[in-house]
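Reading the sequence shown from the start, the letters are residues 25 to 939 in the working numbering.
By construction, the Cβ of each residue, glycine as well, lies at the ideal position given by its N, Cα and C atoms.
Structure record follows, encoded as structure tokens.
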Amino acid sequence: MNNQVRGEVVGDADGAVSGEVRGEVVGHADGAVSGEVRGEVVGDADGAVSGEVRGAVDGGVAGVSSARDEVMDAYFQTLNELTQENPSYREHCRGDEDNIGDNDIGFDAEDDNVGHSADHDYNDYEEDDESLGGELDGDESYSDTDNEWEHLDESGNTVANDLDENSDTDNEWTHLDENAEQLVIIDGEEDVVKIDMFNLHNEDVSKLRFGNLEVAYKFYCWFAKMNGFAVRKGQDVRNKDGVLVQKTFVCNLEGYRKDRRDLTEVTRKRGPKHETRCGCSARLRVHIDIISGLWYITIFSFEHNHYMLTEKHCGLLAAHRKLTKSDQIQIKNYGQAGIKVAQMIGAFANAAGGYDKVGFLKKDLHNQIQRQRKETSSDAKGAVKYLLGLRTKDPLMFVAHTVDACGRLQSLFWCDGESQKNYEVFGDVLAFDATYNKNKYRCPFVVFSGVNHHNQTIIFATAVVSNEVEGTYVWLLEQFLLAMKGKAPVSVITDGDVAMRNAIRRVCPNSYHRLCAWHLLRNAMSNIGNLEFIPYLKKCMLGDNDVWKFEKLWNEMIDKFGLQDNSWIKELYQKKKMWSTAHIRGHFFAGIRTTSRCEAFHSHMGQFVHSKMNMTDFVKQFNRCVCYFRFREVEADFHSQYGNAVLQTPLRSLERSASKQFTHEIFCLVRSVLKKVSLISLCDTQEMASFSIYSVTKYQDEGHVCRVSHSPSNNEFKCSCLRMESIGIPCEHIVAIMVYLDTVEFPTNLVLNRWSKFAKDSIRGNVNDGSHYWDSHLVARHANLVHLSKEVSDLAYKDVDDYKNYLDYLTNEITRLKSKYVGDNGPVNLNGPVEVDNILNPSCARSKGGGPSSNNTTAGRSRRPGTCGGCSQVGHNIRSCPNLAEDGEFPAASSVQSMSVRLSGNNYEGYVNTR
Numbered sequence: 025m026n027n028q029v030r031g032e033v034v035g036d037a038d039g040a041v042s043g044e045v046r047g048e049v050v051g052h053a054d055g056a057v058s059g060e061v062r063g064e065v066v067g068d069a070d071g072a073v074s075g076e077v078r079g080a081v082d083g084g085v086a087g088v089s090s091a092r093d094e095v096m097d098a099y100f101q102t103l104n105e106l107t108q109e110n111p112s113y114r115e116h117c118r119g120d121e122d123n124i125g126d127n128d129i130g131f132d133a134e135d136d137n138v139g140h141s142a143d144h145d146y147n148d149y150e151e152d153d154e155s156l157g158g159e160l161d162g163d164e165s166y167s168d169t170d171n172e173w174e175h176l177d178e179s180g181n182t183v184a185n186d187l188d189e190n191s192d193t194d195n196e197w198t199h200l201d202e203n204a205e206q207l208v209i210i211d212g213e214e215d216v217v218k219i220d221m222f223n224l225h226n227e228d229v230s231k232l233r234f235g236n237l238e239v240a241y242k243f244y245c246w247f248a249k250m251n252g253f254a255v256r257k258g259q260d261v262r263n264k265d266g267v268l269v270q271k272t273f274v275c276n277l278e279g280y281r282k283d284r285r286d287l288t289e290v291t292r293k294r295g296p297k298h299e300t301r302c303g304c305s306a307r308l309r310v311h312i313d314i315i316s317g318l319w320y321i322t323i324f325s326f327e328h329n330h331y332m333l334t335e336k337h338c339g340l341l342a343a344h345r346k347l348t349k350s351d352q353i354q355i356k357n358y359g360q361a362g363i364k365v366a367q368m369i370g371a372f373a374n375a376a377g378g379y380d381k382v383g384f385l386k387k388d389l390h391n392q393i394q395r396q397r398k399e400t401s402s403d404a405k406g407a408v409k410y411l412l413g414l415r416t417k418d419p420l421m422f423v424a425h426t427v428d429a430c431g432r433l434q435s436l437f438w439c440d441g442e443s444q445k446n447y448e449v450f451g452d453v454l455a456f457d458a459t460y461n462k463n464k465y466r467c468p469f470v471v472f473s474g475v476n477h478h479n480q481t482i483i484f485a486t487a488v489v490s491n492e493v494e495g496t497y498v499w500l501l502e503q504f505l506l507a508m509k510g511k512a513p514v515s516v517i518t519d520g521d522v523a524m525r526n527a528i529r530r531v532c533p534n535s536y537h538r539l540c541a542w543h544l545l546r547n548a549m550s551n552i553g554n555l556e557f558i559p560y561l562k563k564c565m566l567g568d569n570d571v572w573k574f575e576k577l578w579n580e581m582i583d584k585f586g587l588q589d590n591s592w593i594k595e596l597y598q599k600k601k602m603w604s605t606a607h608i609r610g611h612f613f614a615g616i617r618t619t620s621r622c623e624a625f626h627s628h629m630g631q632f633v634h635s636k637m638n639m640t641d642f643v644k645q646f647n648r649c650v651c652y653f654r655f656r657e658v659e660a661d662f663h664s665q666y667g668n669a670v671l672q673t674p675l676r677s678l679e680r681s682a683s684k685q686f687t688h689e690i691f692c693l694v695r696s697v698l699k700k701v702s703l704i705s706l707c708d709t710q711e712m713a714s715f716s717i718y719s720v721t722k723y724q725d726e727g728h729v730c731r732v733s734h735s736p737s738n739n740e741f742k743c744s745c746l747r748m749e750s751i752g753i754p755c756e757h758i759v760a761i762m763v764y765l766d767t768v769e770f771p772t773n774l775v776l777n778r779w780s781k782f783a784k785d786s787i788r789g790n791v792n793d794g795s796h797y798w799d800s801h802l803v804a805r806h807a808n809l810v811h812l813s814k815e816v817s818d819l820a821y822k823d824v825d826d827y828k829n830y831l832d833y834l835t836n837e838i839t840r841l842k843s844k845y846v847g848d849n850g851p852v853n854l855n856g857p858v859e860v861d862n863i864l865n866p867s868c869a870r871s872k873g874g875g876p877s878s879n880n881t882t883a884g885r886s887r888r889p890g891t892c893g894g895c896s897q898v899g900h901n902i903r904s905c906p907n908l909a910e911d912g913e914f915p916a917a918s919s920v921q922s923m924s925v926r927l928s929g930n931n932y933e934g935y936v937n938t939r
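Below you can see the structure in the form of structure tokens.
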């Protein structure tokens, strides 16, 4: 056994006295005991006193006892001399004669700090006063040291702690029980919850040993939660090698708030928070056992000087509000689904059985979402990194971006593998348009879209740009062709933007460009200003006319409204091949005449994104929107393939053939054509060498004759109306000849592959789930386990036996699963880590046609001040009008002839009438 005790006393400047008492007892294997005691007293220059007493005894216990008596005599002599010169010293010293006499070691058992002499090197300690479980409410202040020995010198000098790692603690709990069988070893949180925190006594605490410091902290936090307070981490003590040997945990109300001189009534932006610190002295101090590596308790103070919170209120303390890993995953899943924070906290409360059982507050949800958003250094960089990360699931993912001279994101283009495969089948028609106010940077959002075999909008590619100049659109179209392996669309439709038109002419010169009919009609209203003009223009634009008939209608319209010299009309006529149905006939546009599909998609996208959304969240939510549109296609496939259509026309054979080949949506259009066959009559037939020509007319429209050719060799039909070439659906003229020839099935040349049920068979095996699909199986399994775990918790905690059984079972299962998945770092990125250069966020863009900024519109003009609805005076409204009498009536005045106000309590119903 080796025991060492040191003590230090220091006087004031007039009579500085320093004393050191050291006692050592060393035992040998043969039972020999040696003891050494040394006492030193040093005074100042005026009255220097120096003395040294040494005694060494080799042999048995008698020698040790004699050495101990010499130590006590030297200590009392030093103490008496010091207290005579400085009577206030005894108030600072925690030890007295009674304590020394009762304690075998010779000092107060509560204090585990040991002193040092003036010529002895001592260890520095580190103070780490931090708050766990969230940010502290109110201004933080660092508490004073937990040891009274630091303030022995009234002159203001602080004596630092000295704790040698070889010295034993001075606490009476240190060696109360040397029998290891009675010790309680706590290795994890599962052991902590088994302890009865309401009936915890000193003898129970003395038997506790913690496997590590974190377990000791969790123990005290659990004790605090059960007893109505919270815990903060206090100071650390380290040895000469920098190893942590002692840690103090304090009550969250320990210390006092530190006054901040930089905050005044003028500089403070918001009112001060409630002052919560009250100098509570309750604490838990643990020390490490060098031999076993376990931590044991040296000080455990139960005394608080404040009110203890109830169970419901205690859960609102920052230290007890905690988002578990499961909660964080659930929040991330909710965010990916577009669920807002208000709905998130409601879902957690519903699953937990009440808001008080959730374990965190609404602001904790906001903080967690903010932390997830700050995982990347830049919003634009996070968006690019997210898109590049999708390559782990989709190797065909195409991403391209540009930055300006300052490193800010300028253009971002992306499309996934499924979009590229869909373009191979449905890429004959392309519509792209820009929309605005879909992100907080107000960057225009460009969507490249088309039509699938269900006549639904399908997304080919998307882009975010900072401007809409010609060069930007040229770059977008180049990247689009690069992603689609050089395949250019057959037809393109836009809203008529000049930059788009020039870019299409440069990049896709062989694509037929059509202008949106809706935008043209809207421009006609603003340029002509005559409502009667619109029906005439619509007839010329959308009517099923021949070229000669279009010219006739156009000239009649010009003469009627006198628009011969109108510049806008002249420019519109020069572009007639881009908007007139008579001139566009024969070019395939899949029935698209406007960009209304793009507008409808933009409107629907508003359910997923909003104008205040950052770039990263915008990209993620847009991908979720695309997932929804693709699921609509799956639903349409199901309705087309499940069951048989009910026949409704007399042409049952042709109708049955169409229902088996066309999708449900296209079949409905074909059925409407079958119903019009009765209005078509055959007027002439011409037999040629290899084909026949049939002339047909529509009922009561004998002036309009269509000619249908039929080749018996390959059963091919063609009509002069070119509707099959323009839309891809056979016209009633062809169907009438099929009925005349007694045809019972639609020939293959009349069933366009892009409209058939089997349109995607060529690519179906090459398209996997795609980059926009998350692993729904994993999410479902995780949600199911969380739900079952909460049900078990709600049922098992009511009975003590059930609680203990499930606690042991879950503890064993957690240990087994942890050992099973050691080293599992999640899915491996086959493409390696995603490295993205530093990309700055884009500047806020101004959309075209947006007009001058709000700052310029109000320049030089003052805003009209608001007036009261009751008295028409400036500076207040009707609710705070001083002229309103107590009975709810305004007093008569020269400026107000008569008024009437209806009151309902403190709220006004209706309005105020003035004359």
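Residue burial classification, residue i (beta-carbon count within 10 angstroms, cutoff 16)
{"i": "residue 258", "result": "buried"}
{"i": "residue 490", "result": "buried"}
{"i": "residue 14", "result": "The requested residue 14 does not occur in the structure, where the chain is confined to residues 25 to 939."}
{"i": "residue 332", "result": "exposed"}
{"i": "residue 492", "result": "buried"}
{"i": "residue 682", "result": "buried"}
{"i": "residue 898", "result": "exposed"}
Cβ neighbours of residue i in the same chain (closer than 7 Å, five flanking residues each side left out)
{"i": "residue 344", "result": "157, 249, 254 and 338"}
{"i": "residue 763", "result": "675 and 701"}
{"i": "residue 620", "result": "542"}
{"i": "residue 656", "result": "480"}
{"i": "residue 757", "result": "704, 720, 730, 732, 743 and 745"}
{"i": "residue 698", "result": "673, 675, 678, 679 and 759"}
From the options, residue whose alpha carbon lies closest to that of residue i
{"i": "residue 443", "options": "432, 434, 426 and 422", "result": "422"}
{"i": "residue 375", "options": "387, 356, 351 and 389", "result": "351"}
{"i": "residue 415", "options": "393, 439, 426 and 300", "result": "439"}
{"i": "residue 673", "options": "691, 827 and 743", "result": "691"}
{"i": "residue 238", "options": "787, 272, 263 and 224", "result": "272"}
{"i": "residue 207", "options": "346, 227 and 389", "result": "227"}
{"i": "residue 804", "options": "225, 641, 357 and 334", "result": "357"}
{"i": "residue 408", "options": "896, 579, 863 and 696", "result": "863"}
{"i": "residue 251", "options": "355, 418 and 335", "result": "335"}
Own chain partners of residue i with C-beta closer than 8 Å, once the 5 adjacent residues on each side are dropped
{"i": "residue 318", "result": "209, 233, 234, 235 and 312"}
{"i": "residue 381", "result": "373"}
{"i": "residue 430", "result": "864"}
Inter-residue CB distance, residue i and residue j (contact presumed, cutoff 8 Å)
{"i": "residue 537", "j": "residue 602", "result": "6 Å"}
{"i": "residue 485", "j": "residue 507", "result": "6 Å"}
{"i": "residue 753", "j": "residue 731", "result": "That belief does not hold up - the Cβ atoms of residue 753 and residue 731 are roughly 19 Å apart, past 8 Å."}
{"i": "residue 458", "j": "residue 469", "result": "7 Å"}
{"i": "residue 498", "j": "residue 436", "result": "The Cβ separation is near 16 Å, so there is no contact."}
{"i": "residue 625", "j": "residue 473", "result": "6 Å"}
{"i": "residue 309", "j": "residue 275", "result": "No, residue 309 and residue 275 are not in contact; Cβ-Cβ is about 13 Å, not under 8 Å."}
Near the ligand FMN: residue i beta-carbon under 7 Å from a heavy atom
{"i": "residue 502", "result": "What this structure holds is no ligand at all, so the ligand FMN is not there to describe."}
Residues near residue i by beta carbon distance below 6 Å, same chain, minus five either side
{"i": "residue 900", "result": "892"}
{"i": "residue 796", "result": "Unreliable positioning characterises residue 796 in this predicted model, as indicated by a pLDDT of 43, which lies under 50. The coordinate reading is nonetheless provided below. The answer, listed in chain order, is 647, 650 and 651."}
{"i": "residue 341", "result": "254"}
Exercise for review: Would you be able to state if there are at least three C-beta pairs under 8 Å between the segment 581 to 589 and the segment 478 to 495?
Suggested key: no
Check your understanding: Just checking, does the segment 769 to 779 make contact with the segment 673 to 688 on the three C-beta pairs under 8 Å criterion?
Key -> yes
Practice item. Count the CB pairs spanning the segment 521 to 538 and the segment 556 to 568 that are closer than 8 Å, and state whether there are at least three. Key: no
Review point. Does the segment 828 to 839 come close enough to the segment 214 to 231 to have 3 or more Cβ pairs within less than 8 Å?
Key: Judged by Cβ distances under 8 Å, the segment 828 to 839 makes contact with the segment 214 to 231, as three or more pairs qualify.
**Study point:** Stretch-stretch touch, CB-based, cutoff 8 Å, three pairs: the segment 657 to 676 with the segment 718 to 732
**Key:** no
Review point. Can we say the segment 624 to 635 touches the segment 446 to 456, given the rule of at least three CB pairs closer than 8 Å?
Key: As far as the Cβ criterion goes, the segment 624 to 635 does not touch the segment 446 to 456, which means the pair count is below three.
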